[in-house]
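Quick note on UniProt numbering: the sequence shown kicks off at 1 and runs consecutively.
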Amino acid sequence: MASNTTGVDPGKELDPIVKVRKETEVLQDEAHNIVAKAQEEESQQLATALLFEHLQRPATINSLEVHGARHTRKDFLDPIFKPLVEESRNAGTTLGSVLQGLKEATEKLQRFDVFHHEPLVRLSDARSSDQNAAGTDLDIAISVKEKSRLIFKAGTDVGNAEGSAYTNALWRNIFGGAETLSVNASAGTRTRSAYSAAFSTPVNSNPDVRLSLEALASSTQKPWASHEEVLKGATARLAWLARPSGSTYGGPVDTHTLSYSHVWRQLTGLAEVASPTVRADAGDSLKSSITHTFTRDRRDNAMLPQNGYLFRTTSELAGWGPLRGDVSFAKSEVEVSGATPVSLPGPSRGPSGISIGAGFRMGLLCPLPSGYSLKGQALPSRINDRFQLGGPTDVRGFTQGGLGPRHGADAVGGDVYAAGGVNMLLPLPRAGPTSPLRLQLFANGGRLVALQNAARGKRDGHDGLAMDSRTVASGMASAIGELGNGLPSIAAGVGLVYAHPVARFELNFSLPLVSRRGEEGRKGLQVGVGINFL
Numbered sequence: 001m002a003s004n005t006t007g008v009d010p011g012k013e014l015d016p017i018v019k020v021r022k023e024t025e026v027l028q029d030e031a032h033n034i035v036a037k038a039q040e041e042e043s044q045q046l047a048t049a050l051l052f053e054h055l056q057r058p059a060t061i062n063s064l065e066v067h068g069a070r071h072t073r074k075d076f077l078d079p080i081f082k083p084l085v086e087e088s089r090n091a092g093t094t095l096g097s098v099l100q101g102l103k104e105a106t107e108k109l110q111r112f113d114v115f116h117h118e119p120l121v122r123l124s125d126a127r128s129s130d131q132n133a134a135g136t137d138l139d140i141a142i143s144v145k146e147k148s149r150l151i152f153k154a155g156t157d158v159g160n161a162e163g164s165a166y167t168n169a170l171w172r173n174i175f176g177g178a179e180t181l182s183v184n185a186s187a188g189t190r191t192r193s194a195y196s197a198a199f200s201t202p203v204n205s206n207p208d209v210r211l212s213l214e215a216l217a218s219s220t221q222k223p224w225a226s227h228e229e230v231l232k233g234a235t236a237r238l239a240w241l242a243r244p245s246g247s248t249y250g251g252p253v254d255t256h257t258l259s260y261s262h263v264w265r266q267l268t269g270l271a272e273v274a275s276p277t278v279r280a281d282a283g284d285s286l287k288s289s290i291t292h293t294f295t296r297d298r299r300d301n302a303m304l305p306q307n308g309y310l311f312r313t314t315s316e317l318a319g320w321g322p323l324r325g326d327v328s329f330a331k332s333e334v335e336v337s338g339a340t341p342v343s344l345p346g347p348s349r350g351p352s353g354i355s356i357g358a359g360f361r362m363g364l365l366c367p368l369p370s371g372y373s374l375k376g377q378a379l380p381s382r383i384n385d386r387f388q389l390g391g392p393t394d395v396r397g398f399t400q401g402g403l404g405p406r407h408g409a410d411a412v413g414g415d416v417y418a419a420g421g422v423n424m425l426l427p428l429p430r431a432g433p434t435s436p437l438r439l440q441l442f443a444n445g446g447r448l449v450a451l452q453n454a455a456r457g458k459r460d461g462h463d464g465l466a467m468d469s470r471t472v473a474s475g476m477a478s479a480i481g482e483l484g485n486g487l488p489s490i491a492a493g494v495g496l497v498y499a500h501p502v503a504r505f506e507l508n509f510s511l512p513l514v515s516r517r518g519e520e521g522r523k524g525l526q527v528g529v530g531i532n533f534l
């Protein structure tokens with residue numbers, strides 16, 4: 001029997017062949033993948049070219065019909081769709097431009113809030129219904145479904161440092177032009193009772209421009225100043241959206257609101273410990289004012305911003321010129337805030353959920369001469385017009401109205417203020433970066449100052465102290481200069497933030513670091529609920 005005496009393993013002799021075969025298979029797979037990828041790219045390019053060619057073919061609108069708008073007037077819908085069917089618009093149009101126009105028109109319909117989302121749009125060859133139609137003509141049918149016209153609901157609501165229970169009745173599309181009437185009644189922790197009615201209508205069938213008429217009656221307890229304020233009045237408001245220069249349709253927009261208010265105010269229900277300042281302003285006053293608010297909001301999330309910025313200004317003019325009332329002033333506020341995400345080092349793993357934010361607010365109230373004051377002199381501001389600063393939604397670590405001038409136990413407000421803060425939001429270990437729950441580290445501070453010269457004016461027979469224009473100017477200059485006199489009141493802390501779709505909730509542990517004489521800090525836990533935080 002023959003034996004193998006060479007000492008060579010036959011399996012090892014086959015190793016080169018096996019290796020070549022495996023390399024060949026790998027090369028074949030790679031070549032197959034390259035060919036498949038090239039074919040897929042070629043197919044996508046062909047599909048894109050065909051789609052582009054299809055969208056570029058001539059197309060005109062022969063007829064356009066809206067179905068399902070049973071309670072909506074035709075003369076209300078006409079301005080929305082008329083630009084699509086005008087002869088000048090139809091000349092030289094393509095299928096792509098027709099589809100773009102339909103998209104803009106249907107988006108307008110949705111913004112009126114009287115139709116359900118995503119109306120159904122059907123396009124058909126017009127020659128199937130009209131033998132005289134051209135080959136480029138299209139018949140368009142838009143099917144919509146109207147929302148319920150009457151809605152009644154009850155529930156709870158939250159605002160800055162306040163919670164309330166409410167009942168609301170809403171009547172949509174009253175006259176077939178997307179008008180709404182909202183009647184609301186509520187009772188809450190600070191606002192003891194509030195009754196309001198608001199009628200709103202779009203202007204010229206434009207969802208971006210709305211006119212509203214509102215009536216209000218409310219009673220609000222203000223424990224930080226030992227009184228209750230009763231309001232009864234009416235407001236006419238015009239609100240519109242504006243697109244910044246270079247912004248395309250559907251892009252970011254700015255909001256403008258212009259309103260006129262005529263409100264009777266009463267300071268009543270004074271506590272036994274109410275200060276002389278509060279008692280001097282007690283009773284009735286009438287405010288007639290024009291207010292303009294501008295808002296540019298580019299934040300990715302208003303309740304829990306991780307990126308973007310907010311810029312807002314509010315300007316109010318009361319009791320000056322043709323405006324009546326017994327209070328006269330110019331009042332302005334500006335707010336700037338922003339946030340930026342923080343990326344972790346190492347390979348990209350998506351958003352980290354860590355962000356750094358900062359905010360700044362400043363306000364100024366300047367008394368103006370009015371016919372109510374003798375000799376046209378200016379009266380000092382009243383407590384219900386001045387700014388209040390401090391609390392869980394602006395300068396954390398201080399009580400509500402804890403910053404600024406005080407008289408006895410009452411926070412009497414100020415005429416000039418500045419406040420700012422920085423914070424860092426961190427995701428909780430098991431919650432992840434997409435959770436609405438965050439850990440917060442913050443530091444904030446601010447100053448609130450009153451016009452000092454007002455206290456040295458002379459009485460002119462009214463409840464206030466009259467000031468001439470020179471006194472007002474020097475008082476404002478002194479108050480603005482006082483903002484930078486020494487360190488502002490400062491607090492820092494750590495807490496939890498939960499961003500609900502309707503409000504932001506904060507539970508913070510705060511530690512006042514700098515506090516001026518008489519101001520009320522809040523060391524320890526502090527709960528904040530609101531929609532607008534510093």
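The beta-carbon is built from N, C-alpha and C at its ideal position, and this holds for glycine as well.
Between residue i and residue j, what straight-line distance do the alpha-carbon atoms span, to the nearest angstrom?
i           : j    : result
R396        : P207 : 38 Å
G464        : P223 : Since pLDDT at G464 reaches only 46, below the 50 mark, its modelled position is unreliable, and no value is offered.
A411        : P380 : 16 Å
G408        : G338 : 37 Å
L496        : R504 : 11 Å
P488        : P405 : 14 Å
H462        : L389 : Per-residue confidence for H462 stands at a pLDDT of 40, beneath the threshold of 50, marking its modelled position as unreliable; no derived number is given.
V529        : L507 : 9 Å
R456        : Y417 : With a pLDDT of 37 at R456, under the threshold of 50, the modelled position of that residue is not reliable, and the figure given next carries that caveat. About 21 Å.
residue 593 : L286 : The structure shown does not extend to residue 593, since the chain spans only 1 to 534, so no value can be given for it.
S193        : A185 : 7 Å
D113        : K147 : 8 Å
G481        : A419 : 15 Å
T255        : A215 : 23 Å
R459        : S261 : With a pLDDT of 34 at R459, under the threshold of 50, the modelled position of this residue cannot be trusted; read the value that follows with caution. R459 and S261: Cα-Cα distance of roughly 29 Å.
E118        : A141 : 14 Å
P58         : L138 : 11 Å
N301        : G475 : 40 Å
W240        : T295 : 11 Å
V263        : A499 : 34 Å
L270        : K103 : 58 Å
D284        : L267 : 7 Å
For the candidate residues the options, whose alpha-carbon lies nearest to that of residue i?
i    : options                   : result
T313 : L364, P119, V502 and S343 : L364
R265 : G445, S219 and S182       : S219
V472 : P512, L267 and F329       : F329
S352 : V336, M424, F387 and P367 : M424
G68  : T60, N62, I61 and L77     : L77
I174 : A198, K331 and E104       : A198
G493 : L534, G486, Q452 and F442 : F442
A165 : K153, I383 and G188       : G188
G518 : L483, F398 and N444       : F398
S212 : S478, T257, G319 and L123 : T257
L511 : G445, H500 and E65        : G445
G319 : P367, H117, L150 and V203 : P367
E272 : L310, A225 and R243       : A225
A242 : V253, D130 and A358       : V253
L55  : T94, T180, I34 and N62    : T94
E316 : A358, S332 and E520       : S332
N168 : A178, A236, T156 and G177 : T156
Starting from residue i, trace the beta strand (DSSP E) in both directions and tell me its first and last residue.
i           : result
Q221        : N206 to K222
residue 543 : Outside the modelled stretch of the chain, which goes from 1 to 534, sits residue 543, for which no answer is possible.
K287        : G283 to D297
Q266        : D254 to T268
I80         : Segment K74 to V85 is the alpha helix (DSSP H) holding I80; no beta strand (DSSP E) there.
E146        : Element bounds for E146: n/a, residue is neither H nor E.
R506        : A small fix is needed here, since residue 506 is Glu in this sequence, not Arg. Residues R504 to V514.
V416        : V416 to P427
By DSSP's criteria, residue i is part of a beta bridge. Which residues make up the other side?
i    : result
V336 : F311 and F360
F398 : G521
G390 : Answer is none; G390 lacks a bridge partner.
E316 : T291 and K331
V278 : According to DSSP, which records beta bridges pairwise, V278 is partnered with nothing at all.
E239 : Note on identity: in this sequence residue 239 is Ala, with Glu being the wrong assignment. In DSSP, A239 forms a bridge with R210 and T257.
G68  : BP columns for G68 are empty, so no partner.
On the DSSP letters alone, give me the boundaries of the alpha helix (DSSP H) that residue i sits inside.
i    : result
R122 : Taken as a continuous stretch (DSSP letters only), R122 belongs to no alpha helix (DSSP H), being part of the beta strand (DSSP E) at L120 to D125.
A479 : S469 to L483
Q440 : Per DSSP, Q440 belongs to no alpha helix (DSSP H); it is in the beta strand (DSSP E), L437 to V449.
T106 : L95 to R111
P305 : Run containing P305: none; DSSP gives neither H nor E here.
Pair every Cβ in the segment 400-416 with every Cβ in the segment 428-435, then say whether three or more of these pairs are closer than 8 Å.
no
Under 8 Å: do the segment 317-332 and the segment 288-308 share three or more Cβ pairs, one atom per stretch?
yes
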